[in-house]
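For the sequence shown, position 67 (counting from the first letter as 1) is numbered 62 according to my numbering, and the numbering increases by one without interruption. Just below is one structure, and these are the notes that go with it.
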Amino acid sequence: MNDIQKKYYYTSPLFAQYNEVFHGTTTKQYGPIKRDASTIEYLCGVFGRKKQDFITGQQTHGNTVLEVNSTHRGVVAPSTDGLVLHVNDKSQSKKLFIGVFTADCVPVFFYDPKNSLVGICHAGWKGVIGKIVKNMVKQCIKCGSNPGNLRVCLGPHIRSCSYSVAIERARLFEETYGKDSGVVAVHDSKHFINLSEAISLDLKASGVNPRHIDHDCSPCTYCDSEMFYSYRRRIGEEMHEMISFIGIH
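Given below as structure tokens:
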């Protein structure tokens, strides 16, 4: 990715130190994302890939995670919100990369520098409650990774400053994570959910080193209207998304 292309993508400083991996979340400068062939083909071209090298999931706000390989080329995996790709020189998976579509939900990136493994999941509030992040770590372990070696980045998503919810949903998060977890906050009688804190708690409970989690650097999709699309902010506007992607060079 050259300097001109970089302004079109948000990337994590945690992952930037590794030359093997490429990743990012598109911004408004990239343009509106549609789930069609031309959008995927253009993105693949930026990274020297073909359209069929990109794999994504159907995204049903569930907690299903799938390990993908060369047999999944060009596939939209049914009822899947999380993908794991284990790349090695003997496989045909070297050119593959994986991605998710979001517009407030959390794109969560995984990378194991000692195992040439990458993963990504779409974590909305239902997926977070359903422990999709824990399922991602379990799948990484099945692929030979040690959770202590995983690097995890949370991409742009709606932050707690803007994510007010009904009391019923707030109570569900309190029941899942505890009232003193920092996941739910109350301001002016409104309940706000901190999705990144909930995800971080699940990652640490799964054995991921807290120093290997980048969850504070990503901006708020709702607040930053110049850079990102937001499902919650879209009132009166056409609905658009961003695409988050990760792969191995």
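Glycine is no exception: its CB is placed at the ideal position from the N, C-alpha and C atoms. As the structure is a prediction and not an experimental result, all values here were calculated from the model.
Other residues of its chain near R30: CB distance less than 7 angstroms, five sequence neighbours each side excluded: Taking R30 as the centre and dropping the five residues before and after it, the same chain places the C-beta of F96 closer than 7 angstroms to its C-beta, in chain order.
Residues bridged to T21 by DSSP? Here T21 is bridged, per DSSP, to Y4.
Under the assumption that F10 contacts C148 (Cβ atoms under 8 angstroms), give the Cβ distance between them as a whole number of angstroms. 6 angstroms
Distance between V181 and K129 (C-alpha atoms, nearest Å): One Cα belongs to K129, the other to V181, and the distance between them is close to 27 angstroms.
Could I get the ranges of all uninterrupted beta strand (DSSP E) runs contained in the region 48 to 121, with 3 residues as the minimum, in chain order? 49 to 52, 60 to 63, 77 to 81, 92 to 97, 101 to 107, 112 to 118
Confirm, please, whether the CB-CB distance from G19 to T6 is below 8 angstroms. yes
Looking at N110 and G139, is the spacing between their C-beta atoms short of 8 angstroms? yes
Excluding five sequence neighbours on each side, which residues of the same chain lie with their C-beta closer than 6 angstroms to the C-beta of H67? I50
Applying the 10 Å Cβ sphere with the 16-neighbour rule, what's the burial state of I162? By the neighbour-count rule (16 or more Cβ atoms within 10 Å), I162 is not buried but exposed.
Spatial distance of H210 from L198 (CA atoms): 11 angstroms
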